[in-house]
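Protein chains in written order, with the working numbering: chain V, 136 to 247; chain L, 14 to 126.
Just so you know, even glycine gets a beta-carbon here, dropped at the ideal spot from N, CA and C.
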């Protein structure tokens, strides 16, 4: 059973701080990793994808991947109250499986 | 505007009834998916389809059925055999089966009365 683990939170950070969201996965052969943001009552929105070890930056968001440690993270710099949401980590399987496995999500609260 | 639409937004069902949730996309995506989300849970895959007239069961297909007669449409029927159908249902699509960046519709919230 492929597993994707996230701390459910809530993670509470002050406005302007860096929020760090973490995800671990069990399938060592996984190749593709995604972060989705989901506001309460809404559907998930893809915000970052990462495929190789290292960092990938997009605006205030940075995704970090360490395949040796089976660990992927999302950093949000200069956090804003509008970043308050649940962040879902998704990981695809190995062996050509393209169906992602989702973690349960981490709730982020950015307080003014 | 391209996107994925789901209807209805809210649906109430009496026990013993079948209901069908609509999912339409005009993104020209080959692959479509149905997920179920319960409070505090991740997304669980119900069914997926890589191409017209073909679909596969996901992790929790029991009590559900789908069809894929058109590329744009992937309706989900929740049958009376589904014992706990109250949930948030999400439809997603991706450009092709090998590309797994998924785009989601707005969802349908189903409540069994």
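Between the CA atoms of residue 140(V) and residue 158(V) - distance to the nearest angstrom: Spanning the alpha carbons of residue 158(V) and residue 140(V) requires a straight line of approximately 6 Å.
Review point. Can the beta-carbon of residue 44(L) be found closer than 8 Å to that of residue 63(L)?
Key: yes
Exercise. Is it right to say residue 227(V) is buried, meaning 16 or more other beta carbons lie within 10 angstroms of its own, or is it exposed?
Worked result: buried
Problem set entry | residue 88(L): contacting residues in chain V (beta-carbon distance under 7 Å) | The contact set of residue 88(L) on chain V, defined by CB atoms closer than 7 Å, is empty, because the minimum CB distance reaches about 17 Å.
Using C-beta distances below 7 Å, list every residue in its chain close to residue 71(L), excluding the 5 sequence neighbours before and after it, in chain order. 58, 59, 60, 61
Ignoring anything shorter than 3 residues, give me the beta strand (DSSP E) runs that lie fully in the segment 179 to 210 of chain V, in order along the chain.
180 to 185, 189 to 193, 196 to 201
Report task. Kindly list the residues whose CB is nearer than 6 Å to the CB of residue 27(L), restricted to its own chain and excluding five residues on each side of it in sequence; keep chain order. Result -> 126
Given a cut-off of 8 Å, decide if residue 76(L) and residue 223(V) are closer than it, judged by their beta-carbon atoms. no
Q. For the beta strand (DSSP E) that residue 157(V) lies in, which residues bound it at each end?
A. Going by DSSP, residue 157(V) is part of the beta strand (DSSP E) stretching over 154 to 160.
For this session: Below 8 Å on the Cβ atoms is my guess for residue 92(L) versus residue 31(L); work out the distance and round it to an integer in Å.
Result: That belief holds up - the Cβ atoms of residue 92(L) and residue 31(L) are roughly 5 Å apart, short of 8 Å.
Determine whether the Cβ of residue 61(L) lies closer than 8 Å to any Cβ atom of chain V.
yes
Practice task
Measure the CB-CB distance between residue 235(V) and residue 220(V) and report whether it falls below 8 Å.
Solution key: no
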